[in-house]
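Protein chains in written order, with the numbering used here: chain A, 48 to 277; chain B, 5 to 153; chain C, 3 to 98.
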Amino acid sequence: MLTRYGALIFAAGFAFFLFVLFAGQPLGAPPMTVGRAVLDQAPAAVGAANIVTSVVLAYRGIDTMGELAILFAASTAVGLVLGRGRGHAAPTAEPGGFILQAGVDLLFPLLLVVGFYIILHGHLTPGGGFQGGVVLAAAFVLPVLARPAEQPSHGAMAWVEGLAGTAFIVTGLAALAFDRAFLAPLLGAGQLGALVSAGTLPILYLAVGLKVGAELASLLLRFTEEEAAR
Amino acid sequence: MSQSSLSILLLGALGLVGIGVGGLVLSRNLYRLVLALAVAETGGNLLLVLAGFRPGAAAPIIEPGRAVAAMVDPVPQAMVLTSIVIGVGVQAFALGLAIRARAAYGSLDMDELRGRMEADIDAEAGAPPAASQHAPAIARLAGQPEAKP
Amino acid sequence: MTWTDLVVQVMTVLVLAAAFAAMFLRNLLGAAAATALVSLGVSVLFVVLRAPDVALTEAAVGAGLGGLLLALAAKRLGLWRIEVQEKTDDGEGKSC
Chain A
48 MLTRYGALIF AAGFAFFLFV LFAGQPLGAP PMTVGRAVLD QAPAAVGAAN
98 IVTSVVLAYR GIDTMGELAI LFAASTAVGL VLGRGRGHAA PTAEPGGFIL
148 QAGVDLLFPL LLVVGFYIIL HGHLTPGGGF QGGVVLAAAF VLPVLARPAE
198 QPSHGAMAWV EGLAGTAFIV TGLAALAFDR AFLAPLLGAG QLGALVSAGT
248 LPILYLAVGL KVGAELASLL LRFTEEEAAR
Chain B
5 MSQSSLSILL LGALGLVGIG VGGLVLSRNL YRLVLALAVA ETGGNLLLVL
55 AGFRPGAAAP IIEPGRAVAA MVDPVPQAMV LTSIVIGVGV QAFALGLAIR
105 ARAAYGSLDM DELRGRMEAD IDAEAGAPPA ASQHAPAIAR LAGQPEAKP
Chain C
3 MTWTDLVVQV MTVLVLAAAF AAMFLRNLLG AAAATALVSL GVSVLFVVLR
53 APDVALTEAA VGAGLGGLLL ALAAKRLGLW RIEVQEKTDD GEGKSC
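Here it is in structure tokens:
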């Protein structure tokens, strides 16, 4: 009982600490020391209309590579924890209802188109590799929910994931060959707002999208198939 | 957006963090622990985005052919983008561990889990089952007084 | 009071209520749905805060993928049906 009160006091104290920390902030008037420089220089230097994308891929590219590494580690760890190779859908796993099956058939191509649209327009509009990758993963997991007997192969997904990760790193290394920093955008800024602009940023985001999509799809499949095998 | 709305948002974000951390330390069910972690993380993300907001500024996306107006800070937004994706990775791993723990010990309750794990450790080490569930197993193995049944 | 103020107030209340529901609902599947609702409401708040990128991510990753993950895990943990949960009560009545 004492530990529970202590925990409650800890939670309240933590919230109060955050309150004190943020009540002193000028709410609605951020200092923007880095942000102002990014806003001033990014459109001309990088050429992406979406400035968040130029921060994520051009100014903090190595950070994004670390994020991909963490996601890969999480996916691998889930595969390790939930058992590998044993998960084949039991033949008795019954298919979903008619509405689910028909809806999945209708949604699958639409989800693919939307996913690739979000990925390829990541430097122009809100969205990008991570969001589009999640949509792609959903597109490949939905058919499994409708028909558990037809599992997509983990091998193909591992190949897509590995090739996309290699493409990301090779694009980063190519910048080194041109005497630029690792992952620096190449090929010039291009015309602001055009589909082919912002140098190598669309290539990087395409690699991110494919990698995230394959990783998350195999992670979700791990959760579904093991349940069917039990 | 008025200043009072910003205060409401600040209180809401802090409330989410508070509820999440409270649930994290108070609940004993492993599944609810994951839920509390997700709620606290969402509140933290809202706090970060709120820190970069300016009233009357536009979203950090340039529309070609339109004059560039004042924009909100893009750096916290990029950070939160990273944080959300990593959060889901952590959530998936935590759920995998919870599934594994339940498969091994048949419970999701943290106290029951701890008791069964310590019994397991005791059986492995050949020590007699302890009377107290609250002493650490290592103290009982060392022959502390409370180890006697 | 403009409409953004109204959206902020309604959504903040909704999000806080959903967070409380996620912590106190007996049915864990309902609690998972409440967590997804928290993510969805916060993504609306991100739109009001002029962060469309973050809003899209939160809606797709936090609400969609996270909710799907929680639901699948609940199914594997045997929390899917309420009757089953009552029978094999995993100490749920004592938590919170």
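No residue lacks a Cβ here, since even glycine has one placed at the ideal position from N, Cα and C.
| task | Measure from the C-beta of GLY19 of chain B to each C-beta in chain C and report whether the shortest distance is under 7 Å. | result | yes
| query | Taking the C-alpha atoms as reference points, what is the distance between ALA123 of chain B and TYR109 of chain B? | reply | 11 Å
| request: Hey, could you find the ends of the alpha helix (DSSP H) VAL63 of chain C is sitting in? | output: It is not in any alpha helix (DSSP H) - VAL63 of chain C carries neither H nor E in the DSSP assignment.
| request: State yes or no: is the C-beta of VAL43 of chain B within less than 7 Å of the C-beta of LEU10 of chain B? | output: no
| request: Could you pull out every residue in the same chain whose Cβ sits closer than 6 Å to the Cβ of ALA23 of chain C, ignoring the five residues on either side in sequence? | output: ALA36
| request: Assess, as a yes-or-no matter, whether the segment 54-73 of chain C is touched by the segment 25-45 of chain C under the definition of 3 or more beta carbon pairs within less than 8 Å. | output: yes
| request: Using DSSP bridges, identify the partner residues of ASP113 of chain B. | output: B:ASN33
| Closer than 7 Å, CB to CB, is GLY75 of chain A near chain B or not? | yes
| task | Classify ASP152 of chain A as buried or exposed, calling it buried when 16 or more other Cβ atoms lie within 10 Å of its own Cβ. | result | exposed
| message | Using a Cβ-Cβ cutoff of less than 7 Å, which residues in the same chain neighbour VAL182 of chain A once the five nearest sequence positions on both sides are dropped? | response | LEU158, VAL161, GLY162 and ILE165
| So what does ILE65 of chain B bridge to, in DSSP terms? | A:ASN97
| request: Just mark VAL125 of chain A as buried or exposed, buried being the case when its beta carbon has 16 or more other beta carbons within 10 Å. | output: buried
| query | Which first and last residues belong to the alpha helix (DSSP H) in which PHE229 of chain A is found? | reply | No alpha helix (DSSP H) holds PHE229 of chain A; DSSP gives it neither H nor E.
| Can you name the residues that DSSP bridges to MET75 of chain B? | B:ALA62
| query | Nearest-angstrom Cα distance between ALA228 of chain A and PHE187 of chain A? | reply | 36 Å
| query | Apart from the five residues just before and just after PHE270 of chain A, which ones in its own chain have a Cβ nearer than 6 Å to its Cβ? | reply | none
| said: Any contact between the segment 63-76 of chain A and the segment 30-43 of chain B? By contact I mean 3 or more CB pairs, one from each, below 8 Å. | reply: no
| Boundaries of the alpha helix (DSSP H) in which ALA224 of chain A is found, first to last residue | 201-224
| message | Please report the distance separating the alpha-carbon of ALA95 of chain A from that of GLY176 of chain A. | response | 14 Å
| message | Could you check whether THR59 of chain C and LEU85 of chain B sit closer than 7 Å to each other, using their CB atoms as the reference points? | response | yes
| Does ALA33 of chain C come within less than 7 Å of chain B when only Cβ atoms are used? | yes
| message | Taking only three categories from DSSP, how would you classify THR172 of chain A? | response | coil
| Going along chain B, which residues have a C-beta under 7 Å from LEU70 of chain C? | Within 7 Å Cβ-Cβ: nothing; LEU70 of chain C doesn't reach chain B, min ~10 Å.
| task | Can you tell me which of the three DSSP states SER8 of chain B falls into? | result | helix
| query | By a C-beta neighbour count over all protein chains shown, 10 Å radius and 16 as the cutoff for buried, is ILE109 of chain A buried or exposed? | reply | exposed
| Quick one: Cα of LEU220 of chain A to Cα of VAL93 of chain A, how far? | 18 Å
| message | Just to confirm, is the Cβ distance from LEU13 of chain B to LEU54 of chain B under 7 Å? | response | yes
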